Each structure stands twice: as C-alpha cells, then as structure tokens.
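Data block below; observations after.
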Amino acid sequence: MDPKRAATRTLVGLAFLALLAEPAAAQNSLNEELITGLNEKLLYVAIPITILVEAILIYTVVRFRESNVEEASPTRENRRLEITWTVATAVILLFVGVASYQVLGVEAIGGVTAASNPNADQAAVTEDFEGAVGPEPSEENAVEIEVVAQKYYWTYNYNEANVTGLSTNDEPLYIPKNRTVYLHITSTDWLHAFHVPDLGLKQDAFPGQYNTIKTVAYEEGTYQLYCAEYCGVGHSNMLGKVTVVPNEEYQEYLEEKRSQE
Numbered sequence: 017m018d019p020k021r022a023a024t025r026t027l028v029g030l031a032f033l034a035l036l037a038e039p040a041a042a043q044n045s046l047n048e049e050l051i052t053g054l055n056e057k058l059l060y061v062a063i064p065i066t067i068l069v070e071a072i073l074i075y076t077v078v079r080f081r082e083s084n085v086e087e088a089s090p091t092r093e094n095r096r097l098e099i100t101w102t103v104a105t106a107v108i109l110l111f112v113g114v115a116s117y118q119v120l121g122v123e124a125i126g127g128v129t130a131a132s133n134p135n136a137d138q139a140a141v142t143e144d145f146e147g148a149v150g151p152e153p154s155e156e157n158a159v160e161i162e163v164v165a166q167k168y169y170w171t172y173n174y175n176e177a178n179v180t181g182l183s184t185n186d187e188p189l190y191i192p193k194n195r196t197v198y199l200h201i202t203s204t205d206w207l208h209a210f211h212v213p214d215l216g217l218k219q220d221a222f223p224g225q226y227n228t229i230k231t232v233a234y235e236e237g238t239y240q241l242y243c244a245e246y247c248g249v250g251h252s253n254m255l256g257k258v259t260v261v262p263n264e265e266y267q268e269y270l271e272e273k274r275s276q277e
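Residue numbering for the sequence shown follows the numbering used here, beginning at 17 and increasing consecutively.
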C-alpha cells in the first residue's frame with residue numbers, strides 16, 4: 017500500500033474518532049460543570065496532538081519499514097527542530113496549567129479553606145459549625161448543613177432550621193435546587209470521605225475539623241453517596257443518598273421534620 021494513502025486513511029480514521037467526543041449534556045451541579053468543562057478543554061488539545069503523533073509514527077513505520085541499508089545514518093543536530101518542539105511543549109503545558117488553575121481556584125473545586133476546631137475532640141463536634149468557613153455576607157440565601165461521618169453511616173444537621181440528627185439509616189440528605197449550599201464535613205471517630213460522583217462532590221472527613229464543600233445543584237434527582245476513604249470492615253456499606261429538590265419542597269421537608277421533633 018502507498019505510504020501516503022495509508023497515512024491519509026489513518027488521519028481520516030482518527031479525525032472520525034475525534035468527532036465522537038461530543039460535549040457532555042447539562043451538568044447536575046456547579047462542581048460537575050467546572051470539572052467537565054476543564055476535561056473538555058484538555059481533550060480539545062489532546063486530540064489534535066494525538067492525531068499528529070500517531071500520524072507521524074504510522075507514516076514512519078510504513079515509509080521506512082524496508083531498507084537495504086544495514087546501518088542507519090546518525091541523526092544530525094537540528095537546532096530549529098529542537099527549539100520548535102521545546103516551545104510547543106511549553107505552550108501546551110502553559111495552557112494546561114492556566115486552564116487547570118482557573119478551575120482549581122474556584123471554591124467549589126479547590127475547596128473552601130479547611131478550619132480546625134481547637135475545642136472539639138474526637139468524640140463530638142459543636143452543632144454551630146464553630147471553626148467552619150461559612151457563606152460570605154453577599155450569600156444571604158445560602159444553606160449550611162453539617163454532615164457528620166461515623167462508622168458506618170452519615171448524620172445530617174440542618175442547624176439553621178433546628179433539624180438535627182437525621183442519618184443515612186433513615187433519610188437522604190436533602191439540598192435545595194439552584195441555591196448555594198455549604199456542606200460542613202466532619203467525623204466523630206475516624207477518617208472518612210464524603211463522595212457524590214454525579215454531583216462532582218468529594219471531601220475528606222476528619223475528627224475535630226470541618227472541611228467545607230460549596231456547591232449549587234442544577235438538576236433535581238437522587239444521587240448516590242459513598243464513603244471514599246477505607247474506614248474499616250463496614251466501609252462498603254457506608255452508603256447514602258443525596259436528594260435535590262425545589263426550594264419549596266426543601267422548606268416543606270424541614271417543616272415536616274421540625275414538627276416531628
């Protein structure tokens with residue numbers, strides 16, 4: 017087969033595969049939206065580079081697969097070529113770094129600064145989020161929920177609504193749609209990790225310390241919650257649900273729970 021024709025067919029095939037990488041559908045939360053957006057940017061850079069490298073590799077293999085020369089000629093120094101690939105690599109890495117920093121610098125991804133509670137011990141944490149990083153003054157409509165990990169379940173405290181002590185053994189974690197939510201993650205006994213993949217949420221849970229997740233959920237529904245840190249024999253059973261509902265339904269849920277206390 018003619019080498020040029022083979023290389024052309026290869027490029028067409030790789031380009032077709034690149035077209036299959038369609039943008040993702042609407043995301044479930046701000047966190048997932050930011051993560052997916054970064055992945056797409058990096059993909060748009062990686063696909064052309066992959067096509068170029070593979071095309072050169074395939075062309076070289078096909079073009080020089082047979083030779084009567086027993087020993088190949090040594091490669092001579094090519095300063096222009098060396099400068100070109102050095103600059104190209106630097107530009108690509110700079111793009112990746114800037115694009116990543118723009119996402120990692122957002123609180124919803126990089127995390128709200130963790131704060132230690134010096135008055136807490138490994139058996140309990142205060143119910144008023146002492147030491148946690150909360151909403152800014154401009155976020156008057158933000159919701160704060162304490163998520164407490166323990167072997168092998170989660171407990172939710174909606175302190176501002178005076179609804180506390182709800183656990184994954186009985187209830188999902190309810191959060192309102194299209195409202196800023198601060199989840200203050202902590203633990204009473206061991207290292208755990210709060211992880212909701214479909215919402216792009218993940219944060220470690222340490223005894224005596226709050227690690228805060230900031231999010232805005234866009235899509236209603238129920239999402240799977242996992243513990244993502246091996247925490248003992250019951251780790252695989254440390255599951256739960258996170259339910260995103262309209263704000264009216266969220267308020268009704270809190271009123272119902274408050275009346276039961």
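We treat Cβ as the ideally placed atom computed from N, Cα and C, and that holds for glycine. Quick caveat: nothing in here was measured; it's all calculated off a predicted structure.
In the DSSP annotation of this structure, the continuous segment of the beta strand (DSSP E) that includes alanine 165 starts and ends at 159-166. Bounds of the alpha helix (DSSP H) holding threonine 100 are 95-120. DSSP, reduced to helix, strand and coil, places alanine 177 within a helical segment of the structure shown. Under the 10 Å beta carbon count, leucine 255 is surrounded by fewer than 16 other beta carbons and is classified as exposed.
Serine 275: member of the alpha helix (DSSP H) spanning 263-276, first to last residue. Considering only Ala233, Glu236, Tyr242 and Thr204, the residue with the shortest C-alpha distance to glutamine 219 is Tyr242. Non-local C-beta neighbours of histidine 211 in its own chain, meaning closer than 6 angstroms and more than five positions away in sequence, comprise Lys218, Tyr242 and Ala244, ordered along the chain.
DSSP places alanine 88 outside both helix and strand once states are collapsed to three, so it counts as coil. Shown here, leucine 58 sits in a helix according to DSSP, grouped into three states. Annotated three-state conformation of tyrosine 75 is helix, per DSSP.
The distance from the Cβ of serine 116 to that of leucine 215 is about 21 angstroms, inconsistent with a contact at the 8 angstroms cut-off. DSSP, read as helix, strand or coil, puts alanine 209 in strand. Bounds of the beta strand (DSSP E) holding threonine 231 are 225-232. Residue Ile51 holds the alpha-carbon nearest to the alpha-carbon of glycine 121 among Val261, Ile51, Ala42 and Val159.
Taking the C-beta atoms as reference points, lysine 230 is found no nearer than 9 angstroms to proline 188.
In this structure proline 192 touches valine 159 by the C-beta definition: roughly 6 angstroms separates them, less than 8 angstroms. As computed with DSSP, cysteine 243 is found in a beta bridge with Phe210.
In the three-state reduction of the DSSP assignment, alanine 124 falls in the helix class, which pools H, G and I.
Relative to asparagine 44, the option among Ala177, Glu272, Ala88 and Glu235 whose CA is nearest is Glu235.
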